[in-house]
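Letter by letter, the sequence shown follows residues 11 to 253 of the working numbering. To keep things clear, I will list the structure first and then write my remarks on it.
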Amino acid sequence: MTTLFISDLHLSVERPDMTAALLSFLQGEARRADALYVLGDLFEFWIGDDDPNPLHDQVADAFAALASAGVPLYFVHGNRDFLLGPAFARRAGMTLLGDPSVIELYGQRTLLMHGDLLCTLDVDYQRFRRVTGWRWLRWLFLRLPLARRQRIARQLRGNSQKENAGKAQSIMDVTEAAVHQAMRQHHCTLLIHGHTHRPAIHDFSLDGQPARRIVLGDWFEQGSVLACRPAEQTLEQRPLPPR
């Protein structure tokens with residue numbers, strides 16, 4: 011009995027090693043899981059389900075094969091692939107979840123998030139996130155010509171890299187207050203999220219009760235997998251193939 015969680019793969023054609031590691035994971039150990047949850051940033055960027063990128067087809071087919079093998083798949087949007095839509099989800103055999111979402115994980119009420127909502131000190135980013143959450147703006151963007159969407163995505167990626175390079179790491183991390191507020195609001199003592207690329211298991215006290223926050227890692231240098239079983243949760247690494 012094992013439920014698996016992954017996030018922050020940031021798949022792109024520039025990193026075929028990460029794609030190969032994911033495909034191996036989906037064809038191997040994921041086949042034995044009770045369920046697989048992807049907590050955002052599966053792709054480096056997403057400009058619409060109509061993007062004819064062959065990488066998207068390859069990944070969708072691999073997830074669909076896993077779903078056909080009887081493993082339930084769930085996806086929470088990240089800040090890089092928040093436009094991933096129902097057409098891709100249907101093809102991949104995934105169920106789209108909200109951010110945040112609450113699940114029952116072997117009898118424990120568990121809060122799932124991508125994690126960017128918890129980084130409340132990054133005021134500029136939180137403002138950007140609110141703007142990109144406007145439905146009319148998403149509707150408008152997805153109706154732009156594909157080439158224009160690609161140019162906008164490249165520009166946004168470049169701006170993000172420049173801005174993050176000048177920010178202190180503490181600003182881009184979650185805040186304790188936001189974590190506690192989210193867990194209280196959803197009545198959960200276990201929180202699982204990604205986004206910060208700082209894999210760790212944090213045990214603490216929440217209103218006098220034991221609580222745990224598990225941060226998933228990225229797949230830049232190795233695969234990062236959270237394996238949850240009825241009595242334990244372990245963060246594990248998987249090797250990437252040579253580049």
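All C-beta atoms in this analysis are idealised placements derived from N, C-alpha and C, irrespective of residue type, glycine included.
Consult DSSP for residue i and reduce its assignment to one of helix, strand or coil.
| i | result |
| --- | --- |
| Ala79 | coil |
| Phe73 | helix |
| Val141 | helix |
| His197 | coil |
| His205 | coil |
| Ala45 | strand |
| Thr244 | strand |
Give the C-beta separation of residue i and residue j to the nearest angstrom, bearing in mind that I take them to be a contact with Cβ-Cβ under 8 Å.
| i | j | result |
| --- | --- | --- |
| Gly204 | His87 | With a Cβ gap of about 11 Å, Gly204 and His87 do not count as contacting. |
| Val112 | His196 | 5 Å |
| Phe85 | Leu106 | 6 Å |
| Arg253 | Gly233 | Actually they are not in contact, since the Cβ atoms of Arg253 and Gly233 sit about 14 Å apart, beyond 8 Å. |
| Trp56 | Arg90 | 7 Å |
Is residue i buried or exposed, if buried means 16 or more other CB atoms sit within 10 Å of its CB?
| i | result |
| --- | --- |
| Trp149 | exposed |
| Leu200 | buried |
| Ser17 | buried |
| Asn169 | exposed |
| Phe92 | buried |
Do residue j and residue i have their beta-carbon atoms positioned less than 8 Å apart in this structure?
| i | j | result |
| --- | --- | --- |
| Leu115 | Val69 | no |
| Ala192 | Leu128 | yes |
| Leu14 | Ala237 | yes |
| Leu122 | Ile202 | yes |
| Asp27 | Leu226 | no |
Just the C-alpha distance for residue i and residue j, rounded to the nearest angstrom, thanks.
| i | j | result |
| --- | --- | --- |
| Pro209 | Gln160 | 31 Å |
| Phe98 | Thr185 | 33 Å |
| Thr120 | Ala241 | 14 Å |
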